[in-house]
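See structure below.
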Amino acid sequence: MSHFRKILVWQKSISLVAKIYKATSTFPKEEMFGLTSQIRRSSVSIPSNIAEGSGRESSKDFIRFLYISLGSIFEMQTQLEIAKNIIYINEEEFNLLYEDSREIERMLVSLIRKLKDIN
Numbered sequence: 241m242s243h244f245r246k247i248l249v250w251q252k253s254i255s256l257v258a259k260i261y262k263a264t265s266t267f268p269k270e271e272m273f274g275l276t277s278q279i280r281r282s283s284v285s286i287p288s289n290i291a292e293g294s295g296r297e298s299s300k301d302f303i304r305f306l307y308i309s310l311g312s313i314f315e316m317q318t319q320l321e322i323a324k325n326i327i328y329i330n331e332e333e334f335n336l337l338y339e340d341s342r343e344i345e346r347m348l349v350s351l352i353r354k355l356k357d358i359n
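Counting in our numbering, the sequence shown runs from 241 upward without gaps.
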């Protein structure tokens, strides 16, 4: 497997983590161990699993970690929806973060398909 820093979806997911941290920094202090922590952990899980999977010995293992990253994207998207619904983030901020996450989602699905086609 190639080094994870060269993988574009990893690079984009790292950028998303920074945006998530910035967006959640304005959440109420009582959410520090609730929704703030949940969104941050799910966002961090995305590039972390891409990196871990890229270091595995087989494409099959890498694909498994990419699916975990995909699950983390869906988890984060759900948590962002909740944050929007309880007005911790506004519609515009939600849309920007959601679109970034959808791009990463599509890239992960594409990478998974390519790796499956190789095997």
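We put the beta carbon where it would ideally sit given N, CA and C, even for glycine.
Next item on the list: For residue 350, I'd like the list of residues in its chain whose CB is within less than 6 Å of its CB, leaving aside the five on either flank, ordered along the chain.
Entry: none
Next item on the list: Verify the CB distance criterion: does residue 295 have a CB-CB separation below 8 Å to chain B?
Entry: Reference to chain B is not applicable here, since this structure consists of a single protein chain.
Check: Where does residue 266 land, buried or exposed, given buried means 16+ other C-beta within 10 angstroms?
Finding: exposed
Next item on the list: Using a threshold of 8 Å, state whether the C-beta atoms of residue 248 and residue 310 are closer than that.
Entry: no
Next item on the list: Please report the residue range of the alpha helix (DSSP H) in which residue 260 lies.
Entry: 248-264
Margin query: To test your reading of the DSSP string, which unbroken alpha helix (DSSP H) runs of 4 or more residues are found completely within the segment 262-327?
Written below: 275-294, 299-325
Check: How many Å lie between residue 278 and residue 300 at the Cα?
Finding: 28 Å
Check: What's the C-alpha gap between residue 257 and residue 280?
Finding: 7 Å
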